[in-house]
């Protein structure tokens with residue numbers, strides 16, 4: 004059995020409600036953004052435990068990601084307590100993590116985005132488990148593979164230790180942003196192709212009618228010359244057709260928008276531009 008889903012763009016009751024709320028017809032919420040926000044809140048606290056290293060996806064720049072978020076990894080459970088026994092936290096798929104990936108090691112990892120440098124550990128002694136908060140050092144192999152400030156494992160120990168002491172997680176996330184998702188909810192993996200939607204002609208006509216066939220730039224009314232009024236995408240993304248991203252522009256004004264000089268080189272568009280100029284001259288619009 005085939006179930007036909009409703010077209011919410013054509014739901015009069017829903018559109019009337021959205022109009023009362025001041026929301027344009029083609030704007031809808033973003034579930035993915037809510038989902039990502041939930042992940043961020045979890046990662047910014049104590050972090051999130053997990054057992055399988057393969058839940059982490061390394062990027063080409065070697066940084067580590069989980070659910071479209073860059074993360075830091077460390078091993079939470081420590082058998083012996085002494086500074087030399089404390090784990091290092093990882094910011095990249097270094098040689099140490101590479102071995103764990105290859106061996107599919109099952110350990111109690113924690114992924115986090117906490118910038119304080121203080122990590123939650125379980126100190127295990129016999130049958131006793133004690134929870135503590137401790138400052139951890141960054142893994143030197145990670146600094147090496149990222150070429151962090153030119154860091155090299157070939158340096159003497161004193162110089163390497165100084166770079167470890169000076170390293171801050173906040174600065175790391177400045178260089179490598181936490182979120183891989185942009186403000187529209189898209190990542191490099193799921194971003195849609197920048198092309199007009201199939202119902203673009205309908206969207207464009209409805210929007211221009213909504214603007215009373217009037218250019219939002221110069222104010223010329225083209226109700227009797229509708230083909231001379233065009234719909235412009237403010238951010239240049241043809242697939243983002245919410246009303247807040249659209250402008251009704253006459254062909255003349257449209258051709259003067261940034262990155263639109265090609266319109267003047269198109270014979271058909273050039274003819275429309277000249278026609279609009281004549282109409283504006285007749286109406287005293289300059």
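Residue numbers (the working numbering): 4 to 289.
Even glycine gets a Cβ: it sits at the ideal position worked out from N, Cα and C.
Buried versus exposed call for residue i [16 or more other C-beta atoms within 10 Å across all chains shown]
i: residue 252; result: buried
i: residue 258; result: buried
i: residue 265; result: exposed
i: residue 255; result: buried
i: residue 82; result: exposed
i: residue 90; result: buried
i: residue 39; result: Reliability fails at residue 39, whose pLDDT of 47 lies under 50, so the model's placement of it is uncertain and the value that follows must be treated cautiously. Residue 39 comes out buried.
i: residue 276; result: buried
i: residue 213; result: exposed
i: residue 95; result: buried
i: residue 193; result: Model confidence at residue 193 stands at a pLDDT of 43, short of 50, so the residue's coordinates are unreliable; what they give is reported in the following sentence. Looking at its Cβ environment, which holds fewer than 16 other Cβ atoms inside 10 Å, residue 193 is exposed.
i: residue 231; result: buried
i: residue 71; result: buried
i: residue 66; result: buried
i: residue 248; result: buried
Residue(s) in a DSSP beta bridge with residue i
i: residue 131; result: 128
i: residue 136; result: 123
i: residue 77; result: 113
i: residue 67; result: 61
i: residue 93; result: 76
i: residue 53; result: 112
Short Cβ contact (7 angstroms threshold) for residue i with residue j
i: residue 104; j: residue 56; result: yes
i: residue 62; j: residue 92; result: no
i: residue 283; j: residue 226; result: no
i: residue 77; j: residue 132; result: no
i: residue 234; j: residue 207; result: yes
i: residue 75; j: residue 115; result: yes
i: residue 127; j: residue 80; result: yes
i: residue 243; j: residue 172; result: no
i: residue 198; j: residue 241; result: yes
i: residue 144; j: residue 99; result: yes
i: residue 219; j: residue 262; result: no
Check whether the stretch 48-62 and the stretch 117-132 are in contact - that is, three or more C-beta pairs closer than 8 angstroms.
yes
Unbroken stretches of the alpha helix (DSSP H), 4 residues or longer, contained in the stretch 222-262
254-258
Count the C-beta pairs between the stretch 174-182 and the stretch 207-222 that are closer than 8 angstroms, then say yes if the count reaches three, no if not.
no
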